[in-house]
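Engineer: Numbering (this note's numbering), first residue to last: 792 to 974. Ideal Cβ positions, reconstructed from N, Cα and C, are used throughout, including at glycine.
#1: Give the single residue among 966, 935, 927 and 845 whose Cα lies nearest to the Cα of residue 884.
#2: Decide if the region 830-846 is in contact with the region 920-932; the criterion is three or more beta carbon pairs, one per stretch, under 8 Å apart.
#3: Around the C-beta of residue 933, are 16 or more other C-beta atoms found within 10 angstroms, so that it is buried, or is it exposed?
#4: In whole angstroms, give me the CA-to-CA distance for residue 860 and residue 896.
#5: Sorted by chain position, which residues of the same chain lie with C-beta nearer than 6 Å to residue 871's C-beta, five sequence neighbours on each side aside?
#6: Can you tell me where the alpha helix (DSSP H) holding residue 930 begins and where it ends?
#7: Given this structure, state the Cα-to-Cα distance separating residue 945 from residue 909, to the nearest angstrom.
#8: Return the CA-CA distance between residue 852 and residue 956, expressed in angstroms with no decimal places.
#9: Determine, using beta carbons only, whether residue 962 and residue 865 come nearer to each other than 9 Å.
#10: Where does residue 843 fall in DSSP's three states?
#11: Which class does residue 890 belong to by DSSP, given the choice of helix, strand or coil?
#12: Residue 795 by DSSP, collapsed to three states: which one?
#13: Take residue 826 and list the residues in its own chain whose beta-carbon comes closer than 8 Å to its own, dropping the five residues that flank it on each side.
#14: Would you kindly work out how many angstroms separate the C-alpha atoms of residue 903 and residue 958, rounded to a whole number?
#15: Could you have a look at residue 971 and say whether DSSP puts it in helix, strand or coil?
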């Protein structure tokens, strides 16, 4: 990728993050800042290639699912980071995806990591938040000025997935009571 293409993708990521953060703030999912930690970002760097391997073949048929599932992964990693990072930090993507595979990643994470029953009020509320954000991210991706069916468009899809993971993690961290405070 050329320097110009890297700048285009970085700009896209920044705009998408800002867009999703404003929606999260408006709806009360987050405050003014995208909560994050180096541990969570590092885990994403480690597991993202395996997630891409599951997600990219599904993107054309189910783009919003691919984006929402990335946010679910972010939530699961954030939950593990909060509860016992020493035990969970070495886990691979398959641990988060679950034995039933990619199609059931949301249900696996909802029950195993978030502690909600699938179909429960809490589980449905969580699903609604992530579906809403995935729809917003996909709409943003479609309306950006990146040429469709290009290498740059592919990179923008990956960037959207990355942003959704981080947003999912931030949403979970806020639910767990984390916040940034000026010192």
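Structural biologist: Taking the geometry as given:
#1: Taking the first residue of the chain shown as 1, we reach residue 884 at position 93. Out of 966, 935, 927 and 845, 845 has the C-alpha closest to the C-alpha of residue 884.
#2: Between the region 830-846 and the region 920-932, the count of C-beta pairs closer than 8 Å stays below three; the two stretches do not touch.
#3: Locating residue 933 in the chain shown gives position 142, where the first residue counts as 1. It counts as exposed.
#4: Reading the chain shown from its first residue, position 69 is the one you call residue 860. Reading the chain shown from its first residue, position 105 is the one you call residue 896. Cα-Cα distance, rounded: 7 Å.
#5: Taking the first residue of the chain shown as 1, we reach residue 871 at position 80. These residues qualify, in order along the chain: 879.
#6: Mapped onto the chain shown, residue 930 falls at position 139. It spans 912-934 - the alpha helix (DSSP H) in which residue 930 sits, taken as one unbroken run.
#7: In the chain shown, residue 945 corresponds to position 154, counting from 1. In the chain shown, residue 909 corresponds to position 118, counting from 1. The C-alpha of residue 909 is placed about 32 Å away from the C-alpha of residue 945.
#8: For the purposes of this step, residue 852 is taken as residue 61 along the chain shown, with counting starting at 1. For the purposes of this step, residue 956 is taken as residue 165 along the chain shown, with counting starting at 1. Spanning the two alpha carbons is a distance of roughly 20 Å.
#9: Residue numbering aside, residue 962 sits at position 171 when the chain shown is read from its first letter. Residue numbering aside, residue 865 sits at position 74 when the chain shown is read from its first letter. Yes, the Cβ-Cβ distance between residue 962 and residue 865 is below 9 Å.
#10: In the chain shown, residue 843 corresponds to position 52, counting from 1. Note: residue 843 maps to helix in three-state DSSP.
#11: As a working note, residue 890 is residue 99 in the chain shown. Note: residue 890 maps to coil in three-state DSSP.
#12: Position 4 of the chain shown, counting from 1, holds the residue named residue 795. Helix.
#13: As a position in the chain shown, residue 826 is number 35, starting the count at 1. Closer than 8 Å at the Cβ level, and outside the excluded window around residue 826, lie 960, 961, 964, 965, 969, 970 and 971.
#14: The residue given as residue 903 occupies position 112 in the chain shown. The residue given as residue 958 occupies position 167 in the chain shown. Cα-Cα distance, rounded: 20 Å.
#15: Working through the chain shown from its first residue, we reach residue 971 at position 180. Residue 971 falls in the coil class under three-state DSSP.
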